[in-house]
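Structure, as structure tokens:
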């Protein structure tokens, strides 16, 4: 099932809240002249790598502007309305290879995704600008007040990000011309700002009918997140071949995972991740030479190996799973490596 209730919410911004917590969303309060709505914008992914991809067009100019300006305030369904819908892949909106990764919460001023969105929303509030949020609608719900701003009836829009080329868990929401995003009209500055967001695990080569990650001629899925300027590594190139789950002595800093590069080329693993069964992560750095191995020492502060059994997953810098192994309690012997 594709994304339901896809459309655009047009309103005047009134307030905002930083995205925090385990699944942070930057919250925007807007008013359409009759009722209030909340726009929930993802600023962090729940799966590694957690940083979102973003692109901002500071002077957006596109034929869709005149169509949006003619809309009344409020929510408008865009089902089967390609001329007003967003599509990152085939809509000619921007060059997806220009998207960059950005963390939602970084120490210091004006340097993270929360603050970037905040600046545009504050500018719109100050100049009585208009926000156009593309995504999936919820509400109105007359029984519950809004969980962030307290208005009633609860109403809003979410999935304000790319909605195609998703991994298996979110694949059912894929559909062309159903992407989310924020367009902000700043009348005093006589310009429009466009903010586009995507998850690193998403694919940018998608099927024109389903929106799913497209398969190449060999029948293998195009690696999600391989943008034009990035060199991508095929799954299985780097493999997990062994793990010391129960070292002699205290575990922290002594647990190890052994990787091997099965390919004839050196592979850079900067920003790759080891992920355990509880989604704890350890960031990797360095290069594994062709045909060589590398022993990864776990500090105990990130990914951990559990003596009752678990899983070890290896993701590249774009969040694509390269290899995964599982082990059970019976596989574990103190001081011995488990060979996969």
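In my numbering, the protein residues as written are 15 to 354. Glycine residues also receive a C-beta, built at the ideal position from the N, C-alpha and C atoms.
Can you look up residue 233 in the DSSP assignment and give me helix, strand or coil? Per-residue confidence for residue 233 stands at a pLDDT of 49, beneath the threshold of 50, marking its modelled position as unreliable; the derived number appears in the next sentence. Coil, per DSSP.
Buried versus exposed, by CB contacts within 10 Å (16 or more), residue 366: For the chain, the structure presents residues 15 to 354; residue 366 sits outside this window and is missing.
DSSP three-state assignment for residue 107, whether helix, strand or coil: coil
Using a Cβ-Cβ cut-off of 8 Å (strictly less than) and excluding sequence neighbours within five positions of residue 235, which residues of its own chain qualify? Per-residue confidence for residue 235 stands at a pLDDT of 47, beneath the threshold of 50, marking its modelled position as unreliable; the derived number appears in the next sentence. Taken in chain order, the residues that qualify are 217, 227, 228 and 229.
Between the stretch 302-310 and the stretch 340-352, do three or more beta carbon pairs fall short of 8 Å? no
Whole-angstrom C-beta distance between residue 43 and residue 171, which should lie under 8 Å: Contact doesn't hold; Cβ gap of about 12 Å is too wide.
Taking the CB atoms as reference points, tell me whether residue 195 and residue 100 lie closer together than 7 Å. yes
To the nearest angstrom, report how far apart residue 89 and residue 32 are at their CA atoms. 23 Å
Hey, residue 207 and residue 72: beta-carbon distance below 7 Å or not? yes
With DSSP collapsed to three states, give me the class of residue 60. coil
Could you tell me whether the Cβ atoms of residue 58 and residue 38 are closer together than 7 Å? yes
Given this structure, state the Cα-to-Cα distance separating residue 45 from residue 63, to the nearest angstrom. 34 Å
Using alpha carbons as the reference points, say which of 199, 69 and 158 lies closest to residue 176. 69
Sort 147, 157 and 41 by Cα distance to residue 163 and report the nearest one. 41
Pull the bridge partners of residue 198 from the DSSP assignment, please. 145 and 207
What does DSSP give as the partner residues of residue 295 in its beta bridges? 289
The beta strand (DSSP E) that contains residue 114, what's its start and end? 114-116
Please confirm if residue 281 has its CB atom under 7 Å from at least one CB of chain D. Here there is only one protein chain, and chain D is not present.
My output table needs one value for residue 177: the three-state DSSP class, helix, strand or coil. coil
Looking only at its own chain, which residues have a Cβ that is under 6 Å from the Cβ of residue 213, when we skip the five neighbours before and after it? 59
I believe residue 191 touches residue 108 by the beta-carbon criterion, under 8 Å. Please report the beta-carbon distance rounded to the nearest angstrom. Residue 191 to residue 108, Cβ: 15 Å. No contact.
Candidates 342, 197, 131 and 315, of which the one nearest residue 79 by Cα: 197
Could you tell me how far apart the beta carbons of residue 83 and residue 141 are, in whole angstroms, since I believe they sit closer than 8 Å? Not a contact, Cβ separation roughly 16 Å.
Where residue 212 falls: helix, strand or coil (DSSP): strand
DSSP three-state assignment for residue 320, whether helix, strand or coil: coil
In the DSSP output, which residue or residues are listed as bridge partners for residue 69? 210
Give me the Cα-Cα distance between residue 132 and residue 28, rounded to the nearest whole angstrom. 12 Å
Using the Cα positions of residue 297 and residue 271, report the straight-line distance between them to the nearest angstrom. 13 Å
Do you know whose CA, among 251, 160 and 221, lies nearest residue 279's CA? 251
Would you identify the three-state DSSP class for residue 36, choosing helix, strand or coil? coil
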